[in-house]
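S.K.: Chains as they are written, first to last, in the working numbering: chain A, 43 to 428; chain B, 43 to 428; chain C, 43 to 428; chain D, 43 to 428. All residues carry an ideal CB built from backbone N, CA and C; glycine is no exception.
There are 4 protein chains.
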Amino acid sequence: MTENTLDTRIRLGMVGGGIGAFIGVVHRVAARMDDQFELVAGALSSSPDRAAESGRQLRIAPDRVYADYRDMAKAEAAREDGIQAVAVTTPNHLHFDNCCAFIDAGIHIICDKPVTFTADEARDLKVRAGAAGLQFIVTYNNTGYPMVREARAIVQAGRIGKVRLVQVEYAQDWLNEPIEREGHKQAEWRTDPSRVGMGACLGDIGTHAFNLAGYVTGLHLDAVVSEVSTFAEGRQMDDDVNVLLRYDNGARGSLWASQVAPGNENGLRLRVYGETGGVEWDGEVPNHLKVTEYGMPPVTLSRGGYGAGDAASRITRMPAGLPEGYLECFANTYLDAAELIHAALECRSPDPAATTVPQIDSGIEAQEFVEAVVRSSQAGGWVNVR
Amino acid sequence: MTENTLDTRIRLGMVGGGIGAFIGVVHRVAARMDDQFELVAGALSSSPDRAAESGRQLRIAPDRVYADYRDMAKAEAAREDGIQAVAVTTPNHLHFDNCCAFIDAGIHIICDKPVTFTADEARDLKVRAGAAGLQFIVTYNNTGYPMVREARAIVQAGRIGKVRLVQVEYAQDWLNEPIEREGHKQAEWRTDPSRVGMGACLGDIGTHAFNLAGYVTGLHLDAVVSEVSTFAEGRQMDDDVNVLLRYDNGARGSLWASQVAPGNENGLRLRVYGETGGVEWDGEVPNHLKVTEYGMPPVTLSRGGYGAGDAASRITRMPAGLPEGYLECFANTYLDAAELIHAALECRSPDPAATTVPQIDSGIEAQEFVEAVVRSSQAGGWVNVR
Amino acid sequence: MTENTLDTRIRLGMVGGGIGAFIGVVHRVAARMDDQFELVAGALSSSPDRAAESGRQLRIAPDRVYADYRDMAKAEAAREDGIQAVAVTTPNHLHFDNCCAFIDAGIHIICDKPVTFTADEARDLKVRAGAAGLQFIVTYNNTGYPMVREARAIVQAGRIGKVRLVQVEYAQDWLNEPIEREGHKQAEWRTDPSRVGMGACLGDIGTHAFNLAGYVTGLHLDAVVSEVSTFAEGRQMDDDVNVLLRYDNGARGSLWASQVAPGNENGLRLRVYGETGGVEWDGEVPNHLKVTEYGMPPVTLSRGGYGAGDAASRITRMPAGLPEGYLECFANTYLDAAELIHAALECRSPDPAATTVPQIDSGIEAQEFVEAVVRSSQAGGWVNVR
Amino acid sequence: MTENTLDTRIRLGMVGGGIGAFIGVVHRVAARMDDQFELVAGALSSSPDRAAESGRQLRIAPDRVYADYRDMAKAEAAREDGIQAVAVTTPNHLHFDNCCAFIDAGIHIICDKPVTFTADEARDLKVRAGAAGLQFIVTYNNTGYPMVREARAIVQAGRIGKVRLVQVEYAQDWLNEPIEREGHKQAEWRTDPSRVGMGACLGDIGTHAFNLAGYVTGLHLDAVVSEVSTFAEGRQMDDDVNVLLRYDNGARGSLWASQVAPGNENGLRLRVYGETGGVEWDGEVPNHLKVTEYGMPPVTLSRGGYGAGDAASRITRMPAGLPEGYLECFANTYLDAAELIHAALECRSPDPAATTVPQIDSGIEAQEFVEAVVRSSQAGGWVNVR
């Protein structure tokens with residue numbers, strides 16, 4: 043069980059995430075769980091009234107509740123007790139400007155995904171953060187599940203041999219009907235091209251699936267062929283995506299993301315097979331990992347249980363059989379972010395294990411994937427990713 | 043529980059399926075289970091000695107144990123008590139000639155899959171059998187699982203609305219290593235282009251997956267883009283296939299077949315989603331079917347259980363909770379074959395429910411699929427199926 | 043895949059099992075599956091008309107269709123080609139007399155369970171069959187599942203250490219309402235004390251659970267305390283049984299059998315734990331076996347898969363992942379019966395592996411269990427089994 | 043998603059739970075998750091050095107880090123900003139004295155389970171807290187799982203009819219070997235009669251199982267017969283318990299708790315069957331609930347999904363398919379505790395939904411269960427619980 047035992051907590055600000063915002067609460071609980079962060083400032087809504095009320099409800103000092111994130115970046119940079127990191131939890135179209143402002147103010151970034159509209163913007167942010175010596179964590183949070191870490195450790199240690207096959211999918215059903223036309227707020231912005239960019243289902247959950255496969259295998263994409271579809275009547279953007287994948291080591295595979303698959307809630311599933319074995323993980327049963335050494339019966343590893351290795355143990359909170367869930371995996375992302383930021387503040391090297399947390403490079407790669415999938419769908423054939 | 047209560051059983055011959063042949067035993071047990079067939083003749087092996095010994099072991103009268111299938115076709119046609127149907131269980135490359143000989147002899151055909159090397163040959167067989175007024179059943183036996191019938195009935199009754207998405211896969215691991223080079227008989231012929239035709243993994247299990255999706259949805263393919271791969275060292279043919287699917291009603295999907303996915307035994311899984319619901323079936327847990335009506339919690343139907351409909355009940359042998367397996371589903375294919383053949387012999391219309399059993403049209407369509415997948419893989423892009 | 047390759051099949055008769063009888067069909071399919079038996083005579087119903095019609099439907103020669111089992115025993119004993127074995131598939135109250143008649147006629151017995159009303163009767167049958175040198179198989183058929191054999195082999199080889207704990211249950215829901223009062227035939231006789239003896243749920247499925255635990259562990263009961271209940275309104279007999287178990291080696295456990303547990307179809311589940319490991323098996327997923335070596339992650343063995351041992355392989359028909367079910371396990375019981383009977387006919391020792399099939403001793407022990415449970419329930423405390 | 047939006051947080055103290063204590067961290071994370079509590083004081087260890095260091099690590103003001111809980115109770119009662127509630131997280135033998143001290147000081151109690159050594163002590167605490175007008179929550183935290191709340195709502199609304207059967211179990215394997223003799227701290231105190239009272243396995247996890255069954259059904263026990271066993275060599279206390287249950291409404295059932303069942307991590311499972319249906323819940327898959335209406339196929343409800351009712355929704359944090367785990371259920375217990383304490387502080391009635399959280403009455407009933415089980419085991423027969 044991890045718990046902060048340092049003298050200080052990181053002073054955190056938040057952009058977006060005010061009253062009624064789903065992901066804002068998730069970020070706050072994740073930041074709070076291990077007591078590594080203290081939320082002390084916020085520009086929590088683009089509506090000044092909502093920003094103020096959200097600040098009051100979160101017991102943020104009134105002078106640190108801002109109506110505009112630019113003001114916040116400047117004011118906090120000027121304070122001796124100003125924020126050391128900012129959580130960017132706005133809709134996608136605001137991420138780039140949000141991040142630029144806080145990078146300019148010398149503040150470390152924890153940004154929700156997808157990090158930008160384009161790969162170019164993401165590369166731009168990398169340059170800016172790099173130049174400023176700042177950490178830039180992207181909350182592809184599924185990498186924070188202990189058994190995903192375990193899968194990565196197993197695959198990257200060569201225990202399943204050279205990777206041959208990747209099958210990854212993320213299936214939901216909550217957008218099965220065009221509820222964005224009936225005033226459903228989450229559905230509205232997530233299917234609006236002006237707010238999410240090139241891909242809706244593709245950007246929201248397709249990139250989670252893509253990131254997960256890359257995180258576990260360490261592989262990079264060469265080429266894709268895709269089918270991007272819209273099924274719900276009147277929807278402006280994609281709600282289903284099928285992609286064939288060619289990885290740089292010769293591995294082959296497919297990725298499916300859908301928000302119109304009735305009976306699927308949050309079906310993120312990864313299967314990776316190599317020359318001598320395989321790993322299989324299901325995000326709805328995240329505390330287990332099926333591991334096969336070819337020629338032996340499959341073994342089901344359990345988080346905290348016998349046979350689970352260091353990568354999982356490091357971020358395991360509960361004994362085996364007491365389930366951990368989504369908030370814990372998100373908190374693990376924050377835990378690693380805290381380590382990177384602490385190390386930067388203290389001018390020391392971070393714990394190497396913490397550095398696997400997705401950062402701006404993962405954000406860039408995810409945008410390259412989005413762009414390639416869209417190009418393939420438009421062109422009707424295989425396209426190179428880079 | 044179905045059991046033959048007719049005065050007579052159908053007199054059955056068998057080509058192939060001698061000592062040591064896996065699928066021959068399966069056909070015989072399937073034919074025997076409901077006591078609808080009596081095995082009375084056979085050309086059980088291309089080796090005369092093995093043919094004779096196999097006939098003896100199966101207690102076939104010595105004068106009806108043949109060394110050559112052509113002799114058998116002629117001799118049986120000439121007998122008053124000659125066979126009424128033949129089970130063709132040879133390797134793929136022999137199917138076409140085998141079938142021609144027995145069609146010429148006026149004998150009904152029960153042929154293992156894939157039915158031929160090419161779609162043209164399959165179309166040829168259709169013409170021949172049609173002209174001779176003969177039944178031609180193809181043992182895509184997974185359609186004989188009661189809950190597959192149930193899925194078909196649900197989908198084709200419109201209970202999940204217009205079909206939008208198809209995800210189907212068949213994953214195995216038994217060819218993970220090139221065991222065909224170490225004398226493994228099953229592996230040898232199944233990876234030998236001269237005996238299996240254009241596709242190995244593709245033809246063997248890819249067509250099972252394709253057939254299953256078509257059987258349940260009633261849809262036909264328009265176009266595919268594919269990636270056909272060979273991973274095991276020195277293997278002559280494909281052992282992994284990924285395909286994106288475009289169906290004629292606008293549905294989209296993907297198909298994955300692999301024989302190099304460690305930890306997968308016979309992972310045939312189908313998921314179909316429509317405008318208002320979905321069905322999910324797993325061939326390793328074949329007695330259950332997940333059915334979702336969008337907006338309601340998913341329901342798990344059980345073979346023989348509450349809520350299972352007529353299509354399943356008709357071929358359900360055991361009460362709910364007493365599992366049925368692969369042999370029972372294969373026997374159901376034989377049961378429907380028996381009904382078609384009895385009806386033909388008696389010049390009556392068969393039970394309509396029996397006519398959904400895969401026949402030569404399914405064989406043709408499967409070969410069209412194989413050819414399109416191979417063309418796409420070679421051409422590197424989308425191809426039309428017809 | 044097992045298939046009879048002997049010159050001859052065992053000539054089989056059947057008592058009970060006429061039109062409409064569930065278990066008769068099961069016995070016939072089981073006997074037929076491996077082609078080891080040929081059904082040539084029957085006293086298939088106590089109603090002469092039904093007996094005759096059943097015989098006709100099964101294509102038994104008219105002179106070997108009997109209206110009375112006593113006539114059948116005598117007449118078949120007098121024929122040179124008379125039956126060598128008889129399958130007793132009548133309701134429980136007839137078993138004892140049926141068996142006596144065929145033992146007197148020198149015919150081997152395959153009897154459905156429970157074998158008699160009382161342990162004394164069962165012991166009597168043992169003496170009679172022993173004196174006549176006859177085989178007496180009792181179809182506690184769940185012992186015919188390959189992974190039950192595997193569990194037995196693992197436990198009895200000491201791989202989980204000395205057995206400490208047994209948890210076994212058999213839960214159904216088909217008698218949740220008093221359907222015996224609405225003309226349900228199966229329900230009528232199974233809840234009628236004059237036809238089933240001391241225990242209804244207890245005798246029907248409780249003894250299956252008890253037998254399974256004893257088969258796998260090799261342990262014998264010392265004492266029980268029980269609660270025998272009737273929940274359905276107006277029912278004459280028990281429909282739910284809870285028992286605490288004390289085994290002779292110091293192991294402790296509990297057994298639950300119920301026919302009034304909504305949502306349970308045929309939930310036969312066994313868990314056995316020893317000093318160094320455990321095995322868990324579920325009759326609704328019978329092709330798998332969870333095996334734990336303490337201190338290691340659990341392994342799921344699959345019938346036909348890597349790591350499955352000889353005891354399972356011997357009676358495995360299909361490759362891993364192609365499910366086998368209830369009929370196959372019943373057929374395995376018949377396969378072992380065939381080996382015992384063949385050996386007796388040929389005056390040789392049977393294959394030792396076949397001798398684990400439940401025989402009259404298992405029938406005796408099951409009746410002792412029934413009697414002890416009833417006594418404990420009446421007395422209100424612990425009772426010794428013997 | 044619940045998040046505190048009140049102006050104030052409850053000022054919380056903690057007794058026990060210093061460095062290295064498992065359950066202390068759980069209580070702190072649970073208290074922190076919804077930001078309803080602020081930890082401001084503690085007597086975190088009986089060792090003064092460890093108490094001081096633990097306080098420092100948790101950033102508690104030095105003058106509120108106490109070496110003795112009695113000093114803490116008095117000092118905090120005297121402060122204007124003194125604690126309003128205390129979390130008692132010491133080993134069992136200290137609970138009674140701890141609670142008395144804080145009740146005397148007028149401080150609300152959140153006490154870990156089992157609440158005392160004897161039912162008499164628990165009744166004494168009830169009288170004391172009642173007289174002082176204080177809330178007394180007992181962290182039988184499994185009642186905080188949303189789908190346990192859902193199960194309770196379904197059963198108590200009569201949707202499965204009158205309850206007939208209860209099957210509940212809690213199986214672990216971490217004490218399979220006598221690790222208390224090798225310096226394992228958790229094992230040491232949990233198997234030491236001077237620290238845990240009458241039951242080890244029985245008190246630790248047996249009472250969780252008992253509490254869960256009572257919470258869901260609303261039933262109370264009349265009588266038990268039990269078998270309490272010790273399997274690990276040299277162990278002083280029980281590590282396995284089997285109990286038959288007679289409830290006051292005529293329902294029957296059994297309870298099994300074990301810490302020596304290899305392959306079981308935290309296997310808390312409850313099944314309840316009534317006249318017209320059943321519910322089944324598994325604590326290792328806590329986000330789902332199987333619900334059967336007799337005569338219909340079973341439905342699997344998902345936390346946050348379609349068909350989940352108000353009782354679950356009220357404490358559901360994440361959308362369906364994003365798993366919640368043990369910490370969230372523990373936090374829900376703290377959330378309800380917060381509501382009860384806020385209401386008491388504000389002299390208002392609490393939200394009725396919050397009042398189902400286990401309180402001192404549950405603590406009393408659990409101790410009565412423990413005492414009855416021990417008596418039955420010693421006496422060798424059925425005993426009445428009260």
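#1: When you compare each of ILE149(C), LEU136(C), ASP264(C) and ALA119(C) to VAL435(C) by their alpha carbons, which one comes out closest?
#2: Which one of GLY97(A), ALA85(A) and GLY319(A) has the shortest CA to CA distance from ASN140(A)?
#3: Is it true that the stretch 211 to 225 of chain A meets the stretch 290 to 301 of chain A, where meeting means three or more beta-carbon pairs spaced less than 8 angstroms apart?
#4: Assuming GLY325(B) and GLN209(B) are in contact, meaning their beta carbons sit under 8 angstroms apart, how far apart are those beta carbons, in whole angstroms?
#5: Taking 8 angstroms as the threshold, find out whether the stretch 72 to 90 of chain C comes into contact with the stretch 396 to 415 of chain B through three or more Cβ pairs.
#6: When you check each C-beta in the stretch 181 to 202 of chain A against every C-beta of chain C, which residues fall closer than 9 angstroms?
#7: At 7 angstroms on the CB atoms, spell out the chain B contacts of PRO235(C), in chain order.
#8: Check whether the stretch 48 to 63 of chain D touches the stretch 278 to 286 of chain D, counting contact only when three or more Cβ pairs, one atom from each stretch, lie closer than 8 angstroms.
#9: Can you check which of these residues, ALA265(B), ARG98(B), PRO361(B) and THR160(B), is closest to GLY292(B) by C-alpha distance?
#10: Pull up the CB-CB distance for GLN409(B) and ALA164(B), whole angstroms please, since I reckon it's below 8 angstroms.
#11: For the alpha helix (DSSP H) that GLY55(B) lies in, which residues bound it at each end?
#12: Per DSSP, what kind of secondary structure is THR5(B) in: helix, strand or coil?
#13: Could you check if ASP282(A) is buried or exposed, using at least 16 other CB atoms within 10 Å of its CB as the buried criterion?
#14: Tell me whether the beta-carbon of GLY60(A) lies closer than 8 angstroms to the beta-carbon of ALA103(A).
#15: Under 8 angstroms: do the stretch 249 to 263 of chain D and the stretch 306 to 324 of chain D share three or more Cβ pairs, one atom per stretch?
#16: What's the C-alpha gap between VAL180(C) and ILE247(D)?
#17: The beta strand (DSSP E) with ALA129(B) in it runs from where to where?
#18: Based on the DSSP output, what are the partners of CYS153(C) in its beta bridges?
#19: Please name the residue or residues paired with TYR108(C) in a DSSP beta bridge.
#20: Against chain A, with Cβ distances strictly below 8 angstroms, would THR342(C) count as a contact?
#21: Inspect the beta-carbon positions of ASN374(C) and GLY186(C) and report whether they are closer than 8 angstroms.
#22: Let me see if you follow: with CB-CB separation under 8 angstroms, is LEU364(C) close to chain B or not?
#23: By the three-class DSSP mapping on this structure, what secondary structure does ASP166(D) have?
#24: Under 8 angstroms between C-beta atoms, does PHE79(B) make it to chain A?
#25: Under the rule that 16 or more other beta-carbon atoms within 10 Å means buried, what is VAL169(A), buried or exposed?
#26: So, does the CB of TYR368(B) fall closer than 8 angstroms to a CB anywhere in chain C?
#27: How would you label GLU388(D), buried or exposed, when you count the other beta carbons within 10 angstroms and need 16 or more for buried?
#28: Compare the C-beta of ASN308(A) against all C-beta atoms of chain D and say whether one is closer than 8 angstroms.
#29: Should PRO133(A) be flagged as near chain D, meaning a C-beta pair shorter than 8 angstroms?
#30: Return the chain-ordered list of same chain residues with a C-beta closer than 7 angstroms to the C-beta of ILE174(B), the five sequence neighbours on each side being excluded.
#31: How would you call GLU224(A), buried or exposed, if buried means at least 16 neighbouring beta carbons within 10 angstroms?
#32: Could you tell me whether the Cβ of ARG359(B) comes closer than 8 angstroms to any Cβ of chain C?
#33: Give me whichever residues DSSP pairs with LEU448(B) in a beta bridge.
M.R.: Inspection of the coordinates gives the following:
#1: With chain C running from 43 to 428 in the structure shown, residue 435(C) is simply not present.
#2: ALA85(A)
#3: yes
#4: Not quite, the Cβ-Cβ distance comes to about 14 angstroms (not below 8 angstroms), so this is no contact.
#5: no
#6: none
#7: Per Cβ cutoff of 7 angstroms: no residues; PRO235(C) is ~23 angstroms from chain B at best.
#8: no
#9: ALA265(B)
#10: 5 angstroms
#11: Per DSSP, GLY55(B) belongs to no alpha helix (DSSP H); it is in the beta strand (DSSP E), 52 to 57.
#12: Here chain B has residues from 43 to 428 only, and residue 5(B) is not among them.
#13: buried
#14: no
#15: yes
#16: 41 angstroms
#17: 127 to 130
#18: VAL130(C) and VAL180(C)
#19: For TYR108(C), which the question treats as bridged, DSSP gives no partner whatsoever.
#20: yes
#21: yes
#22: yes
#23: helix
#24: no
#25: exposed
#26: yes
#27: exposed
#28: yes
#29: no
#30: The displayed chain sequence assigns Ala, not Ile, to residue 174(B). Within the same chain, ALA174(B) has close Cβ partners ILE145 and GLY148.
#31: exposed
#32: yes
#33: No statement about residue 448(B) is possible, as the shown extent of chain B runs from 43 to 428 and does not include it.
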